[in-house]
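Notes follow once the structure below has been shown.
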């Protein structure tokens, strides 16, 4: 029986961890958490999102801009996030409406598709 979601992983190109930390930790405000010692030499870093983790791994030769795969962050003030991303020259893309939610998406600096979603 599956009882929950433990973590998700996204990837960034190798040797771009500092740029990714700037985006995810400084712009999105997600706190970095320490990786277990046996995994520290593999590149990437981990983030805390609520009571779950996002693992940012490193991987080359992947075209992240061609996939529908994505992570969706649940937010309380979607207008704030839209403005924040636009201030950092991140292109906001309006999503197909779904009942009960306000949402939009964007691509992170590495091409990963990201959604911001708010219950209305």
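In the numbering used here, the protein residues as written are 35 to 154.
Where a beta carbon is used, it is the ideal one built from N, C-alpha and C, also for glycine.
All of these numbers come straight from a predicted model, not from anything done at the bench.
Does the beta-carbon of residue i have 16 or more other beta-carbons within 10 angstroms, so that it is buried, or is it exposed?
i           : result
residue 67  : exposed
residue 36  : exposed
residue 78  : buried
residue 147 : buried
Indicate the three-state DSSP secondary structure (helix, strand or coil) for residue i in the structure shown.
i           : result
residue 91  : strand
residue 50  : coil
residue 61  : helix
residue 101 : coil
residue 127 : strand
residue 81  : strand
residue 112 : helix
residue 142 : coil
Whose CA, out of the options, lies closest to the CA of residue i?
i           : options            : result
residue 73  : 54, 141 and 91     : 91
residue 38  : 44, 102, 49 and 87 : 87
residue 129 : 122, 137 and 101   : 137
Apart from the five residues just before and just after residue i, which ones in its own chain have a Cβ nearer than 8 angstroms to its Cβ?
i           : result
residue 109 : 115, 150, 151 and 152
CA-CA distance, residue i and residue j?
i           : j           : result
residue 141 : residue 105 : 11 angstroms
residue 71  : residue 134 : 42 angstroms
residue 82  : residue 61  : 14 angstroms
residue 42  : residue 80  : 10 angstroms
Note down, in chain order, each residue of its chain lying with its Cβ closer than 7 angstroms to the Cβ of residue i, except the 5 sequence neighbours on either side.
i          : result
residue 56 : none
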